[in-house]
Amino acid sequence: MSAPVARVLVVDDEPQIRRFLRSALTTNGYEIIEAASGAAGLQLAAAEAPDVILLDLGLPDMDGLAVIRTLREGSEVPIIVLSVRARERDKIAALDLGADDYVTKPFGIGELLARLRAALRHRLRQAGEPPLFVAGELCVDLVRRLVRRGAEPVHLTPKEYDLLRLLVQHAGKVLTHRQLLQAVWGPAHVDDTTYLRVYVGQLRRKIEQDPDQPRLILTEPGIGYRLIEP
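Each number in the working numbering comes from the position in the sequence shown (counting from 1) with 156 added on.
Written out as structure tokens, the structure reads:
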């Protein structure tokens, strides 16, 4: 029998959701661990070392946001939120606390499998820190700080490069406005979303084939940005 693709911890108090995920994910080669409460989920996360966590926010004993906050105190395990909460502020809160992705219920299993694969690839990249990122015509050499589009060098300002490097390091993951602003410009600028939009626009003009129809740096409306994966 082949080894599982990855070990997934499902933290959800709805038995029917857990049954659906157990059936769908085991069929696709994943090993499933289940918890029906936040406290049980935190215990299993510490004891079982899952490769990724699927987390509901509406848990009976504690809010899922508190679970994310606690997990991020000592773990970088990918967290994908599965929730009926569809408001932008809920998504932003979860992502700002360190969730890797947010899927609104109801969802299709095809979409969830794609999000799982992306989260696992991101974790592998973080562990290895590959120095060269290539997506389409874009090539970013993180060691030599060189950026090319096709055969042509791309000249970036220091802040443009810092912004692109952060997106490259988290390719495939949604980064919120606050996360990007704090990491590149510092905590004094976490509300300067217009400032961020200007820099993203400048980057797109330099690295996208068509800045008006971007295919590399994608906008998550009201939330932030995502760089496509290689």
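Just so it is clear, CB atoms sit at the ideal spot from N, CA and C, and this is done for glycine as well.
Assign VAL330 to one of three DSSP states: helix, strand, or coil.
Counting from one through the sequence shown, the residue named residue 330 turns up at place 174. Here VAL330 sits in coil by DSSP.
Tell me the DSSP bridge mates of GLU190?
Translated into positions along the sequence shown, residue 190 becomes position 34. DSSP lists VAL166 as the beta-bridge partner residues of GLU190.
Minimum length 4: unbroken alpha helix (DSSP H) runs contained in the segment 279 to 324
Within the segment 279 to 324, no complete alpha helix (DSSP H) run reaches 4 residues.
Please name the residue in ILE189, ARG243, ASP168 and ALA255 whose C-alpha comes closest to that of VAL330.
For the purposes of this step, residue 330 is identified with residue 174 of the sequence shown, where counting begins at 1. Nearest in C-alpha terms to VAL330, of all of ILE189, ARG243, ASP168 and ALA255, is ALA255.
Does the segment 220 to 240 come close enough to the segment 193 to 211 that 3 or more CB-CB pairs lie under 8 Å?
By the C-beta criterion, the segment 193 to 211 is judged to be in contact with the segment 220 to 240, since at least 3 inter-stretch pairs fall below 8 Å.
Reducing DSSP to helix, strand and coil, say where LEU227 ends up.
In the sequence shown, the residue the question calls residue 227 occupies position 71. If DSSP states are grouped into helix, strand and coil, LEU227 belongs with the helices.
Quick check on this structure: which residue in PRO206, GLN172 and ALA191 has the alpha carbon closest to the alpha carbon of ARG163?
Counted from its first residue, the sequence shown places residue 163 at position 7. Taking ARG163 as reference, the option from PRO206, GLN172 and ALA191 with the minimal CA-CA separation is PRO206.
Mapping the DSSP letters down to three states, classify GLY380 as helix, strand or coil.
Here residue 380 is taken as the residue at index 224 of the sequence shown, counted from 1. In the structure shown, GLY380 falls within a strand segment according to DSSP collapsed to helix, strand and coil.
Sequence ranges, alpha helix (DSSP H) only - wholly within the segment 244 to 281, length at least 4:
When DSSP assignments are scanned along the segment 244 to 281, the uninterrupted stretches of alpha helix (DSSP H) that are 4 or more residues long and fall wholly within it turn out to be 244 to 253.
Quick one: grab the DSSP three-state call for VAL237.
The residue you call residue 237 lines up with position 81 of the sequence shown. Correct three-state label for VAL237: strand.
Which residues mark the beginning and the end of the alpha helix (DSSP H) in which LEU177 is found?
Here the question's residue 177 lines up with position 21 in the sequence shown. Where LEU177 is concerned, the enclosing alpha helix (DSSP H) starts and stops at 171 to 183.
Expressed to the nearest angstrom, what Euclidean distance is found between the alpha-carbon atoms of THR182 and ILE188?
The residue labelled residue 182 in the question sits at position 26 within the sequence shown. The residue labelled residue 188 in the question sits at position 32 within the sequence shown. Using only the alpha carbons, I get a separation of about 7 Å.
With a threshold of 6 Å on Cβ separation, who are the neighbours of VAL290 within its own chain once the five nearest residues in sequence on each side are excluded?
Here residue 290 is taken as the residue at index 134 of the sequence shown, counted from 1. Same-chain partners within the cutoff: PRO386.
Cutoff 8 Å; reference ARG271; Cβ partners in own chain excluding five residues on either side
Counting from one through the sequence shown, the residue named residue 271 turns up at place 115. The answer, listed in chain order, is ILE236, ASP257 and VAL259.
ALA275 to VAL208, Cα distance in whole Å?
The residue given as residue 275 occupies position 119 in the sequence shown. The residue given as residue 208 occupies position 52 in the sequence shown. Computed Cα separation, rounded: 8 Å.
Quick check: is any heavy atom of the ligand NAP less than 6 Å from the C-beta of ASP256?
What this structure holds is no ligand at all, so the ligand NAP is not there to describe.
Counted within 10 angstroms of its Cβ, other Cβ atoms place SER158 as buried (16 or more) or exposed
Here residue 158 refers to the residue found at position 2 of the sequence shown. Only weak support is given to the placement of SER158: the predicted model assigns it a pLDDT of 44, under 50, and the value that follows is read from those uncertain coordinates. With fewer than 16 other Cβ atoms within 10 Å, it is exposed.
From the DSSP output, read off the bridge partner residues of LEU374.
Residue mapping note: residue 374 aligns to position 218 of the sequence shown, counting from 1. Per the DSSP secondary-structure output, LEU374 pairs in a beta bridge with ARG382.
Of the residues LEU215, ASP246 and PRO314, which one's Cα is nearest the Cα of LEU359?
One-based indexing of the sequence shown puts residue 359 at position 203. Of all alpha-carbon atoms in LEU215, ASP246 and PRO314, the one lying nearest the alpha-carbon of LEU359 is that of PRO314.
For the pair the segment 241 to 250 and the segment 318 to 329, tell me if three or more CB-CB distances fall below 8 Å.
With a cut-off of 8 Å, the segment 318 to 329 and the segment 241 to 250 do not count as touching, because too few Cβ pairs lie within range.
Using DSSP's beta-bridge definition, name the partner residues of LEU210.
Locating residue 210 in the sequence shown gives position 54, where the first residue counts as 1. Here LEU210 is bridged, per DSSP, to VAL166 and ILE236.
On the criterion of 16 or more Cβ atoms from any shown chain inside 10 Å, does GLY380 qualify as buried, or is it exposed?
Here residue 380 corresponds to residue number 224 of the sequence shown, with the count starting at 1. Classification of GLY380: buried, given that the 10 Å Cβ count is 16 or more.
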